[in-house]
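Novice:
There are 6 protein chains.
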Amino acid sequence: MFTHVHELQFEAKPDAPDPAFARRFQEVLGGKWGEMTVAMQYLYQGWNCRLPGKYKDMLLDIGTEELAHVEMITTMIGRLLDAAPMSEDDAKGKTLKAEWATSNPQHQLETGGGGYPKDSNGVPWSGAFVTASGNLYADFMLNATAEMQGRLQVARLYHMTDDKGVHNLIRFLLTRDHMHQMMWLRAVEELKADGLDQVPVPAAFDLDQEHDEFARLYVHTSDGPNAMDGAWAQGEAYDGSGPITIEETPRAHGDRPSLPPGDPRLYGTPPVDPQTLLQRAKDLL
Amino acid sequence: MFTHVHELQFEAKPDAPDPAFARRFQEVLGGKWGEMTVAMQYLYQGWNCRLPGKYKDMLLDIGTEELAHVEMITTMIGRLLDAAPMSEDDAKGKTLKAEWATSNPQHQLETGGGGYPKDSNGVPWSGAFVTASGNLYADFMLNATAEMQGRLQVARLYHMTDDKGVHNLIRFLLTRDHMHQMMWLRAVEELKADGLDQVPVPAAFDLDQEHDEFARLYVHTSDGPNAMDGAWAQGEAYDGSGPITIEETPRAHGDRPSLPPGDPRLYGTPPVDPQTLLQRAKDLL
Amino acid sequence: MFTHVHELQFEAKPDAPDPAFARRFQEVLGGKWGEMTVAMQYLYQGWNCRLPGKYKDMLLDIGTEELAHVEMITTMIGRLLDAAPMSEDDAKGKTLKAEWATSNPQHQLETGGGGYPKDSNGVPWSGAFVTASGNLYADFMLNATAEMQGRLQVARLYHMTDDKGVHNLIRFLLTRDHMHQMMWLRAVEELKADGLDQVPVPAAFDLDQEHDEFARLYVHTSDGPNAMDGAWAQGEAYDGSGPITIEETPRAHGDRPSLPPGDPRLYGTPPVDPQTLLQRAKDLL
Amino acid sequence: MFTHVHELQFEAKPDAPDPAFARRFQEVLGGKWGEMTVAMQYLYQGWNCRLPGKYKDMLLDIGTEELAHVEMITTMIGRLLDAAPMSEDDAKGKTLKAEWATSNPQHQLETGGGGYPKDSNGVPWSGAFVTASGNLYADFMLNATAEMQGRLQVARLYHMTDDKGVHNLIRFLLTRDHMHQMMWLRAVEELKADGLDQVPVPAAFDLDQEHDEFARLYVHTSDGPNAMDGAWAQGEAYDGSGPITIEETPRAHGDRPSLPPGDPRLYGTPPVDPQTLLQRAKDLL
Amino acid sequence: MFTHVHELQFEAKPDAPDPAFARRFQEVLGGKWGEMTVAMQYLYQGWNCRLPGKYKDMLLDIGTEELAHVEMITTMIGRLLDAAPMSEDDAKGKTLKAEWATSNPQHQLETGGGGYPKDSNGVPWSGAFVTASGNLYADFMLNATAEMQGRLQVARLYHMTDDKGVHNLIRFLLTRDHMHQMMWLRAVEELKADGLDQVPVPAAFDLDQEHDEFARLYVHTSDGPNAMDGAWAQGEAYDGSGPITIEETPRAHGDRPSLPPGDPRLYGTPPVDPQTLLQRAKDLL
Amino acid sequence: MFTHVHELQFEAKPDAPDPAFARRFQEVLGGKWGEMTVAMQYLYQGWNCRLPGKYKDMLLDIGTEELAHVEMITTMIGRLLDAAPMSEDDAKGKTLKAEWATSNPQHQLETGGGGYPKDSNGVPWSGAFVTASGNLYADFMLNATAEMQGRLQVARLYHMTDDKGVHNLIRFLLTRDHMHQMMWLRAVEELKADGLDQVPVPAAFDLDQEHDEFARLYVHTSDGPNAMDGAWAQGEAYDGSGPITIEETPRAHGDRPSLPPGDPRLYGTPPVDPQTLLQRAKDLL
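Same order as they appear, the protein sequences are chains F, W, U, V, Z and B. Count the first sequence with our numbering and you get residues 1 to 285, in order. Count the second sequence with our numbering and you get residues 1 to 285, in order. Count the third sequence with our numbering and you get residues 1 to 285, in order. Count the fourth sequence with our numbering and you get residues 1 to 285, in order. Count the fifth sequence with our numbering and you get residues 1 to 285, in order. Count the sixth sequence with our numbering and you get residues 1 to 285, in order.
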């Protein structure tokens, strides 16, 4: 259960409106790697966590904080949209004129000057962006990634404006994305130390079931000359199970597939005599 | 540029048809973490890579291999759909009867007995599943995650069938997802060793711009009693920049936001005297 | 069954082309609250209506009229796109130059100069926008809302152009959205008067099943000081069933949830001894 | 800014697992009219509200409560998924056998036994479901509708299970949807009483701009004999502006549209001599 | 402008309810190749047609007829949903028991027993399914295809039920899809005869701009031994412009691409000395 | 199984960056008719093809070639995005200034300067764009159409830039789309010649099942005076089965539909006495 205070976690005041930047800022609100995604992802992971204790508790802590980030960015976008021109004529003689062309029409038509759960092109946020698999190792890795992708986008946004107030919030977001990267990476280490999982994830699946001849095989399917210069294609495998080998020329280990004739009632193009088939299909009616 | 051979990378022959499993197998073909995603993700990352050499070459190697995985699973699904009942009556007295209820109607109506780029509920694969950010550290972390989420789903699928032929292919997929996990994790290490990036990603953004008071602060927004028992909330921060501190009771560091009255031409509910506003809006017409 | 005449319900002739406005006009054609939505929503509600007579007949009347609105806006968009510049150079020295930057590229690439069922950012109209629940009270309330949201957007569009011809059609749309608001609100009243439903919708569900202690309880989860100044938090409840009470400090009425360990075959992170679990999962293979 | 407690607002414990019902319960979690929608919709409306005071404060109260509903339903779904069969064989001899056929495969493959932001068919929740227009009248009407549609779906769910624990939570949801219906309807009345808006919404748009001849005209486009028996087609209009009139046979008030020839560079099918056009297009190259 | 009569174009009465078939029938209502698509596609093509006369008039004729098909299928689905069981218990002892497992939960939860614009898996119809390109040749070819794909799906549906009433409607749909296939193919021929377009579409683009060495070249990128046995790889090209030639071993005609270093403000992984780059990015702040 | 070489099938080098054109070029990469669609469509058709031999082999040839087109356009977009301005200020004094306004923000925020599988408005490519029906006639017709729609869009793109390098690639694409149109049309002819299918597709469905009175009937539902001037409404039908007839005034051949009262547990608006119904629903609880 949640409670809310009106004060923001951090200040969200631009020095001046900027509808073009408002459009761009939507990316880290409602884009695939935006705050909607991390807030919902961590909360669903927390709610679904079947391991009581520190991991579950931490997930709900960070997820709840991310809701505050959704709130701050939405507030900032609302302020960036003040006084936005509604037409080219309206923009004339205003410093915001050029802004008109590159702003998001729905910021006026749909929201009347507010942020919403869509990306920088106005494509709606999708519930498919949330992953809560029940496996904490795989999910914490994704969470660390999400903070990296998110921080990367915020760092790019930094260079799309000179507004001191916007920079102030961006600097806060960069800081928290930094902290959260560290937390998720630590949590991955702790899962390993606690013996809960390890590479290959999920470790509980019996490795004897794997086809060992493909387990450390680098398959060189493209002709890039340097592909095997990295540690991923040399020496001992990451899990210490043996040496990596190379399939220099990729080989097919399976047959040419041939599918049997389909059910005539599906009217696929027949691999058998069509007259016969025609008759069979008609007979069925 | 690509070339293709008809032989499969590995065998994809079930012992018997199973339309219910065919529906489930779609998840690792056209779901968010399926083979369509990793094939396209690695290829786009490779094509967009602005750093010539080993990383780019490796991306295109693995991406090209994943296309072969798309092909194998599609072939397997086609074979699993042979002889699927078309109605309840049709299913009577067949071993496939129960299958009818839990199969995917589009496997007959749309594809006439074949795999397609949709998930296990028939929701289409989306280009939004692909991330190619230009930052290899963030992307390799995601790739490692994708192999974990993918291997997790394939491991779950293992228990949804007893078919030896299907198990054989699943065991191959588990093996390759294992190998690929190791490769992406090694590649992350190598990026660090090559001095190309590090936590916090992207490292090239000047850390002095961050708000240091929030840089190692654990914010305890939920009341889980064990949230701070993990290494993520204790001792030195992951990047060695100083000790983690705790905000036991979360504090707001910003004001209560108040948005100015909107443009009357947007017809939002007005914070000023409505009669005045009404008149102003009318005057504008 | 439908018949069609080529004449439009109302004139749809702009004074001059305006590709930037054409992009914006798409919102009320193919956006969530656009004419595609109301046309399809009213028709599906009409076709699915299980109560013969005035309500069903009226739904089909208005739904059929909305198809004419789809047609008029599409026609207007086609005319607004005449002579649109195809590149920046092409736009030079034309009054339409600035338009180029803010127009929709698909209006040339995809439609060759015509309207289509997408919104002002080019996001496709979705069948999920249509609601036809079978409950006329809930649906008529939604229909009234749709006319309000639609009229709001059209009113905003009015200020995005000075074109007299466009204004003429916009004024027609505003007029009909006004008329339709009145019709749906009357229809809601009539449903009540006819004894067919009432608040709480659906009224046929036995109120004794409700938890009475929560039935008139205002829960103050946020710290806004004025939240309880409205009639919604004071005096008798809207349905006359008793006085509203306040939960000033929100209380949890349920336990801390704890989920049992998952099936080991799902490879979630285990709440039991991992070695044991590992063994159990392996034994299963 | 939000804080969270682990205790639930209300109990969410089923008497027994039921994966088939878990699939159905997703509708009111991640469907168009589910708790994700109302939580996000009220919060965005609150954050974007430009009128400080009671309305904004109330929006944030109810939005924050709805987050607790998201949490309860997710928890319930997690519990309903315990011990779900993973295959037909697995289901044999269990009371859950029939459940297998009608459950959601992603409840195992993707979430490992947990709720997620998708609907009862596994279609992801969309940010497009959220409307926050800046006009409180239109939005409160939608909110009232959302509570009606939501309560209707919960009432239907009641009859899809006999589980006492599930019924207990459903009864709580029905109760709160009842309370919230009353609150939004009161809020609409209060907006009117406060002179902030009225029918036609938005009232601030100058009515003189409307085409009065269409302002109270019922257009009888379908041949339903009873369409005009309702109050919507008789007597004084809802806003008291005059009597309703009927267009018994719908008339076109516009011309047959004729679009000019397109730009030859768009290669539409030409309305002029094709040879001439062919030459013109070639000349352009 | 449209008018509507309540009578259906053809009878839509099943002999008995069948919720499982109702789910499947949705495919040809709201699927990619369903009646929603063809109705909207032909109408948008007609409205956008810039060539007055027979083609435009015919498009609006067929588009309007397709609206009647939407209506009939929706009506049929409503009737198929009568008396559908709401739970497994409810289904006991009824002939509809097995139906329960394979029906669509939204047919009860969302529509209360009616058809809606979604496909057989409940995925919403999308405006992206509509193509109206302005080029009649390309569009008529698509329309012919749509009638083929649609007729194929209806033919498959025929075998999913024995219901005489459903068969009666299906036979009507098959008949009209047959007629419409013939009409669109005739229309393609007439466009050619009228000199309006021809292969390659669009013919107005100057063929001299093409790279002639690739204009009749069959590229053998896969190792299928029979690929070149067809007329597509032999003799004179379809347009009579010369003989087809074969590139037996596919050759690259372009260089290995190498992208320049990205803007350091985008924080991509750098192809230049990272320390230098780090400094440059910091200097920018 | 695939292999890859780094060299491109054709050169993809622009003379100069152009982010506005990069946005537009996305349409033929990730739009409905773009290279992602044809590559995936032909490969899935090939993999699912149940008729071994020339058709299957040819599908895999062309599908594999289309992957090279995806690669070339992605490469071209990456190069067009070099040096793109990140803000209005940044654009000042640069020839790329105007470009800023009409570029795609995600080309910087999401991809850091690269192409991705979305259309020219940033809407993700969808797996629903792929059709592989199992019926080669219907699919080859669609493939021919796809090449026409694709070539049409590329021809339009030609006029959106003067860049010689871009033109060079566009000319290659136009050439291959021309060749592929010819191949698919030949393949349709060959299917007919081989007796595998014919109009009406699918021909194997027994024509005696059709309602002959509707099989050659032109239904004149719209009042366009020239609709019946085409060959589609005159003389012998396309398949030679008899003369076309005209239904000048469209007639309903079915009854006015009337749906029975719904299940009271669905709480639809009742067609029977509401008090009775209310009681029945309550009794059920």
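Here a beta-carbon is modelled for each residue, glycine too, at the ideal position from N, C-alpha and C.
First and last residue of the alpha helix (DSSP H) that includes residue 27/W?
Specialist: 27–30
Novice: Return yes when the Cβ of residue 147/V is within less than 8 Å of the Cβ of residue 177/V, no when it is not.
Specialist: yes
Novice: Between which two residues does the beta strand (DSSP E) containing residue 246/B stretch?
Specialist: Where residue 246/B is concerned, the enclosing beta strand (DSSP E) stretches over 245–247.
Novice: Please confirm if residue 79/B has its CB atom under 8 Å from at least one CB of chain V.
Specialist: no
Novice: Along the region 100–125 of chain F, where does the CB come closer than 8 Å to a CB of chain V? Name the residues.
Specialist: 110, 111, 112, 113, 114, 115, 116, 117, 118, 124, 125
Novice: In chain order, what residues of the same chain have a beta carbon less than 6 Å from the beta carbon of residue 180/W, not counting five sequence neighbours either side?
Specialist: 147
Novice: Is the Cβ of residue 268/W closer than 8 Å to any Cβ of chain B?
Specialist: no
Novice: Would you kindly work out how many angstroms separate the C-alpha atoms of residue 295/F and residue 137/B, rounded to a whole number?
Specialist: Because chain F spans 1 through 285 in this model, residue 295/F falls outside it and cannot be assessed.
Novice: Check whether chain Z comes within 8 Å of residue 197/W, counting only Cβ atoms and requiring the distance to be less than that.
Specialist: yes
Novice: From the DSSP output, which residues share a beta bridge with residue 2/V?
Specialist: 4/F
Novice: Please name the residue, chosen from 150/Z, 53/Z, 122/Z, that lies closest to residue 66/Z on a Cα-to-Cα basis.
Specialist: 150/Z
Novice: At 8 Å on the CB atoms, spell out the chain F contacts of residue 200/B, in chain order.
Specialist: Correct list: empty, because the minimum Cβ distance to chain F is about 11 Å.
Novice: Only counting the same chain, and skipping five residues up and downstream in sequence, which positions put a Cβ closer than 7 Å to that of residue 33/V?
Specialist: A distance below 7 Å between beta-carbons, with the five flanking residues on each side excluded, links residue 33/V to the following residues of its chain, in chain order: 146, 149, 150, 153.
Novice: Assuming residue 134/W contacts residue 268/Z (C-beta within less than 8 Å), just tell me the rounded distance between them.
Specialist: 3 Å
Novice: May I have a chain-ordered list of the alpha helix (DSSP H) segments no shorter than 4 residues that lie completely inside the region 27–113 of chain U?
Specialist: 27–30, 35–48, 54–80, 88–91, 97–102, 106–109
Novice: Could you tell me which residues DSSP puts in a beta bridge with residue 192/F?
Specialist: Partner(s): none; residue 192/F has no beta bridge.
Novice: Along the chain, where does the alpha helix (DSSP H) that runs through residue 218/W open and close?
Specialist: Per DSSP, residue 218/W belongs to no alpha helix (DSSP H); it is in the beta strand (DSSP E), 217–219.
Novice: The alpha helix (DSSP H) with residue 129/F in it runs from where to where?
Specialist: First-last for residue 129/F: undefined, no H or E at that position.
Novice: With DSSP collapsed to three states, give me the class of residue 13/B.
Specialist: coil
Novice: Work out the CA separation of residue 247/B and residue 57/Z for me, nearest whole Å.
Specialist: 15 Å
Novice: Output needed for residue 37/V: all residues of its chain with C-beta closer than 6 Å, excluding positions within five of it in sequence on either side, in chain order.
Specialist: 129
Novice: Taking any Cβ of chain Z, which residues in the region 232–253 of chain U have a Cβ under 9 Å from it, in chain order?
Specialist: none
Novice: Report the three-state DSSP secondary structure of residue 213/B (helix, strand or coil).
Specialist: helix
Novice: Going by DSSP, name the residue or residues bridged to residue 124/Z.
Specialist: 118/Z
Novice: Can you check DSSP and say which residues form a bridge with residue 236/V?
Specialist: 243/V
Novice: Pair every Cβ in the region 229–243 of chain Z with every Cβ in the region 11–25 of chain W, then say whether three or more of these pairs are closer than 8 Å.
Specialist: no
Novice: Should residue 208/B be labelled buried (16 or more other beta-carbon atoms within 10 Å of its own) or exposed?
Specialist: exposed
Novice: Could you please tell me which residues of the region 133–161 of chain W, in chain order, have their CB closer than 9 Å to any CB of chain B?
Specialist: 133, 134, 135
Novice: For residue 84/F versus residue 124/F, is the C-beta spacing smaller than 8 Å?
Specialist: At least 8 Å separates the beta-carbon of residue 84/F from that of residue 124/F.
Novice: Candidates 104/V, 140/V, 216/V, 174/V: which alpha carbon is nearest residue 192/V's?
Specialist: 140/V
Novice: To the nearest angstrom, how far is it from the Cα of residue 45/U to the Cα of residue 160/W?
Specialist: Near 41 Å, if we compare the C-alpha coordinates of residue 160/W and residue 45/U.
Novice: Could you tell me if residue 163/V is buried or exposed, where buried requires 16 or more neighbouring beta carbons within 10 angstroms of its beta carbon?
Specialist: buried
Novice: Which residue wins for smallest C-alpha separation from residue 187/Z, given the options 185/B, 182/B, 227/B, 165/B?
Specialist: Looking at the Cα atoms, 227/B is the closest of the given residues.
Novice: Just list the residues that DSSP pairs residue 222/B with in beta bridges.
Specialist: DSSP output for residue 222/B lists 4/U as bridge partner(s).
Novice: Give me the residue from 72/W, 100/W, 220/W, 225/W with the minimum Cα distance to residue 1/V.
Specialist: 220/W
Novice: Closer than 8 Å, CB to CB, is residue 265/V near chain B or not?
Specialist: yes
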